[in-house]
Amino acid sequence: MARAVTPQVKARRSLVGLALIVLALIALNFLGVLFAPGATFGAKMQSFVPKLGLDLQGGTQIILEAQTVNGQNPTADQLNQSVAIIRQRVDAGGVSEAQISTAGGKNIIVSLPGTPSQATINSVKSSARMVFRSVLLSSAASTSSVGKAKPYTPPASLATQPSVKPTNGSDSAYVTPYLRDLYDHYDCAQDTTAAKQSLQHPTEPLVTCDPTGSVKYLLGPVEVEGTHISNANSGVKTTSQGATTGTWVVNLTLDGTGAKEFATTSSRLVALAPPKNEFAIELDGKVIEAPAVNQAITNGQAEISGNFTQDSAKALADQLKFGALPISYTVQSQDTISATLGTTQLLAGLLAGLIGLALVVAYSVLQYRTLAFVTVGSLLISGLLTYLVIDFLSWREGYRLSLAGVAGLIVSIGITADSFIVYFERIRDELREGKALVGAVEAGWRRAIRTILASDAVNFLAAAVLYILAVGDVRGFALTLGLTTLVDVVTVTLFTHPVLQLVARRPFFADGHRFSGLDPRALGAVYRGRGSFREPALAGPAVLRSRGEAARRQTIAERKAAELGASTSTGTIDTIREDRD
Numbered sequence: 000m001a002r003a004v005t006p007q008v009k010a011r012r013s014l015v016g017l018a019l020i021v022l023a024l025i026a027l028n029f030l031g032v033l034f035a036p037g038a039t040f041g042a043k044m045q046s047f048v049p050k051l052g053l054d055l056q057g058g059t060q061i062i063l064e065a066q067t068v069n070g071q072n073p074t075a076d077q078l079n080q081s082v083a084i085i086r087q088r089v090d091a092g093g094v095s096e097a098q099i100s101t102a103g104g105k106n107i108i109v110s111l112p113g114t115p116s117q118a119t120i121n122s123v124k125s126s127a128r129m130v131f132r133s134v135l136l137s138s139a140a141s142t143s144s145v146g147k148a149k150p151y152t153p154p155a156s157l158a159t160q161p162s163v164k165p166t167n168g169s170d171s172a173y174v175t176p177y178l179r180d181l182y183d184h185y186d187c188a189q190d191t192t193a194a195k196q197s198l199q200h201p202t203e204p205l206v207t208c209d210p211t212g213s214v215k216y217l218l219g220p221v222e223v224e225g226t227h228i229s230n231a232n233s234g235v236k237t238t239s240q241g242a243t244t245g246t247w248v249v250n251l252t253l254d255g256t257g258a259k260e261f262a263t264t265s266s267r268l269v270a271l272a273p274p275k276n277e278f279a280i281e282l283d284g285k286v287i288e289a290p291a292v293n294q295a296i297t298n299g300q301a302e303i304s305g306n307f308t309q310d311s312a313k314a315l316a317d318q319l320k321f322g323a324l325p326i327s328y329t330v331q332s333q334d335t336i337s338a339t340l341g342t343t344q345l346l347a348g349l350l351a352g353l354i355g356l357a358l359v360v361a362y363s364v365l366q367y368r369t370l371a372f373v374t375v376g377s378l379l380i381s382g383l384l385t386y387l388v389i390d391f392l393s394w395r396e397g398y399r400l401s402l403a404g405v406a407g408l409i410v411s412i413g414i415t416a417d418s419f420i421v422y423f424e425r426i427r428d429e430l431r432e433g434k435a436l437v438g439a440v441e442a443g444w445r446r447a448i449r450t451i452l453a454s455d456a457v458n459f460l461a462a463a464v465l466y467i468l469a470v471g472d473v474r475g476f477a478l479t480l481g482l483t484t485l486v487d488v489v490t491v492t493l494f495t496h497p498v499l500q501l502v503a504r505r506p507f508f509a510d511g512h513r514f515s516g517l518d519p520r521a522l523g524a525v526y527r528g529r530g531s532f533r534e535p536a537l538a539g540p541a542v543l544r545s546r547g548e549a550a551r552r553q554t555i556a557e558r559k560a561a562e563l564g565a566s567t568s569t570g571t572i573d574t575i576r577e578d579r580d
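If you count by my numbering, then the sequence shown holds residues 0 to 580, one letter each, in order.
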């Protein structure tokens with residue numbers, strides 16, 4: 000017959016499990032050190048320190064100015080939609096605690112903490128207005144006119160309308176003498192107005208270049224708007240047999256309207272000779288790719304291929320997935336900004352946390368005597384777990400600790416203190432009822448864990464709602480509050496309870512030493528041995544002093560019950576209670 004697992008064995012297993020969790024978190028953070036940028040080991044070791052938010056470290060500020068067709072300021076809805084899209088792009092880049100706001104009725108101010116990557120900055124600057132145009136002409140670009148004051152303008156005598164009305168986007172009737180002359184003399188180094196021309200005149204042809212300035216294009220009118228892209232993701236291209244090619248591509252999924260337009264255009268282009276069989280993908284006035292159409296795409300599933308890296312493919316997919324901005328923006332300024340609060344405020348916040356921690360420890364020593372070491376240990380374990388998790392999120396997910404997040408950590412001290420106070424008081428209640436310490440620890444745990452879980456569930460729910468509904472610094476507070484609530488459950492389950500299971504067997508605590516914090520006599524019960532207690536009625540002076548101390552700890556209901564029992568007693572009442580545990 001298998002032997003039952005004792006509480007002490009369970010306690011040791013729990014402590015081993017906690018140790019494994021701590022070691023796993025330390026190992027994960029070492030990975031952050033190994034893969035952190037930096038030439039020296041000292042620079043890499045900074046990964047063991049969580050990144051700080053904009054208010055504590057400073058960062059980069061970008062001001063975007065709206066460009067509209069009619070010169071009017073954008074509407075509030077357009078600005079709000081733009082802010083939401085930019086925030087999604089920034090979050091997708093792994094940057095948290097960014098501040099994005101509107102100003103002056105037409106500007107958007109984007110403040111990014113620390114030193115953001117160039118890909119993140121580009122995602123903020125880019126309008127990400129994607130359209131699809133048929134290619135009319137393409138050739139290698141010339142850079143002979145680099146340094147000219149302004150781009151070439153064809154003679155006014157060439158500004159004539161097409162002699163024949165074009166029938167589709169690939170019709171050569173679009174190539175008027177004016178556009179042909181502009182195309183022949185076009186210099187990609189002076190290509191500064193293509194994005195504006197594309198936005199203001201989508202039904203007209205466009206002369207532009209690729210992002211590197213090596214190829215120039217004459218494109219037909221817009222045939223498919225990028226707003227019809229319902230989803231986009233990046234991945235490695237695979238063959239029809241399922242083998243990977245190692246080439247990164249961006250996969251697009253179009254909605255019903257986009258799929259229909261794409262099917263019509265691709266069916267026409269597949270029958271044309273180069274370069275007219277190419278379907279150019281124009282992003283903010285630049286042709287990022289002009290793939291040749293080798294078959295009609297009728298299912299709304301398109302693929303963009305080219306010289307993509309993993310990062311550039313993901314950046315483009317994120318921009319397209321989160322949609323184009325409702326209006327075009329130009330970068331008004333990009334500056335490095337200093338911390339709005341800085342080290343002084345961070346130290347002040349940490350000092351406030353230390354003061355709160357010291358007060359909790361002092362209260363524990365006064366109230367629970369030597370048992371306070373469990374309190375201190377629980378707080379240290381909780382702090383260690385919280386630090387390791389925050390540091391992991393910092394290097395892995397781009398989380399940054401702001402002053403609001405520090406406030407959430409300070410609040411967590413109270414959450415942890417509340418848990419062990421509930422547990423300790425439940426144990427004391429069991430001791431008052433006459434149980435030995437070993438049984439009191441187990442019975443108190445069964446009663447306390449329900450209260451602790453209910454309290455932590457409410458805290459976590461409040462943090463989750465706040466995180467979902469709020470933005471900016473408030474989300475940082477909600478994240479740390481929810482995180483420390485989960486850490487509290489781990490700490491009280493894998494440390495506080497197991498430690499008490501082990502110390503309950505120690506004579507210092509089991510025999511109820513006066514400095515143990517678990518003295519049955521001080522709690523209103525006199526120990527008689529073998530798990531039995533008697534009421535301290537009509538006892539001697541020492542017991543009466545203990546009884547007086549216990550009376551001061553009793554509730555009003557307990558005092559009334561004691562007075563009623565004393566008034567009906569005619570002598571010493573011996574109550575033998577058998578320890579059920």
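We put the CB at the ideal spot given by N, CA and C, even for glycine.
Since this is a predicted model, take the numbers as computed values, not measurements.
Quiz item: Helix, strand or coil: how does DSSP classify Gly285 here?
Solution: Correcting the residue type first, residue 285 is Lys in the shown sequence and not Gly. Here Lys285 sits in strand by DSSP.
Quiz item: Among the residues of its own chain, which have a CB less than 8 angstroms from the CB of Glu277, if the five just before and after it don't count?
Solution: Ser133, Val134, Ser137, Leu268, Ala289, Pro290, Ala291, Val292
Quiz prompt | Three-state class that DSSP yields for Leu14 in the structure shown | solution = helix
Quiz item: On the three-state DSSP scale, how would you describe Tyr216?
Solution: Assigned with DSSP and collapsed to three states, Tyr216 falls in strand.
Exercise. Consult DSSP for Tyr466 and reduce its assignment to one of helix, strand or coil.
Key: helix
Quiz item: Is Gln333 helix, strand or coil by DSSP?
Solution: strand
Exercise. Pull up the distance between the alpha-carbon of Leu365 and that of Val457, whole angstroms please.
Key: Near 29 angstroms, if we compare the C-alpha coordinates of Val457 and Leu365.
Exercise. Mark Arg474 as exposed unless 16 or more other C-beta atoms lie within 10 angstroms of its C-beta, in which case mark it buried.
Key: buried
Practice problem: Return the CA-CA distance between Ala351 and Ser81, expressed in angstroms with no decimal places. | Solution: 39 angstroms
Quiz prompt | Nearest-angstrom Cβ-Cβ length linking Thr484 and Ile414, presumed shorter than 8 angstroms | solution = 6 angstroms
Quiz item: DSSP state of Glu424, grouped into three classes?
Solution: helix
Practice problem: Use the C-beta contact count for Asn230: other C-beta atoms within 10 angstroms, 16 or more gives buried, fewer gives exposed. | Solution: exposed
Exercise. To the nearest angstrom, report how far apart Leu478 and Thr385 are at their CA atoms.
Key: 11 angstroms
Quiz item: Comparing alpha-carbon positions, which option in Thr374, Asp170, Arg179, Val214 lies nearest Asp190?
Solution: For Asp190, the nearest C-alpha among the options comes from Val214.
Practice problem: Whole angstroms is fine: what's the gap from Asp428's alpha carbon to Thr335's? | Solution: Using only the alpha carbons, I get a separation of about 60 angstroms.
Quiz prompt | Check whether Ile296 and Ser265 have beta carbons under 8 angstroms apart | solution = yes
Quiz item: DSSP beta-bridge partners for Asn106?
Solution: Note: Asn106 sits in a beta bridge opposite Glu64, Ala102.
Self-check item: Extent of the continuous beta strand (DSSP E) to which Val163 belongs
Solution: Element bounds for Val163: n/a, residue is neither H nor E.
Quiz item: Does the segment 169-188 touch the segment 223-240, meaning 3 or more C-beta pairs lie closer than 8 angstroms?
Solution: no
Quiz item: Do the segment 311-321 and the segment 244-257 touch if we need at least three Cβ pairs shorter than 8 angstroms?
Solution: yes
Practice problem: Evaluate Leu19 with the Cβ neighbour count: other Cβ atoms within 10 Å of its Cβ, from every protein chain shown; 16 or more gives buried, anything less gives exposed. | Solution: exposed
Self-check item: Extent of the continuous beta strand (DSSP E) to which Gln199 belongs
Solution: Taken as a continuous stretch (DSSP letters only), Gln199 belongs to no beta strand (DSSP E), being part of the alpha helix (DSSP H) at 193-199.
Practice problem: Write down the C-beta distance between Arg399 and Lys50 rounded to the nearest angstrom, noting that I regard them as a contact closer than 8 angstroms. | Solution: Yes, Arg399 and Lys50 are in contact; Cβ-Cβ is about 5 angstroms, under 8 angstroms.
Practice problem: Look up Ala582 in the DSSP assignment and say whether it is helix, strand or coil. | Solution: An answer regarding residue 582 cannot be provided, because it is not within the stretch 0 to 580 covered by the chain.
Quiz item: For Asn232, which three-state DSSP category applies?
Solution: strand
Quiz item: In this structure, what does DSSP give as the bridge partners for Arg132?
Solution: Val221, Ala279
Quiz item: Between the segment 366-381 and the segment 438-449, do at least 3 Cβ pairs fall closer than 8 angstroms?
Solution: no
Quiz item: What do you reckon, are the CB atoms on Val163 and Tyr182 nearer than 8 angstroms?
Solution: no
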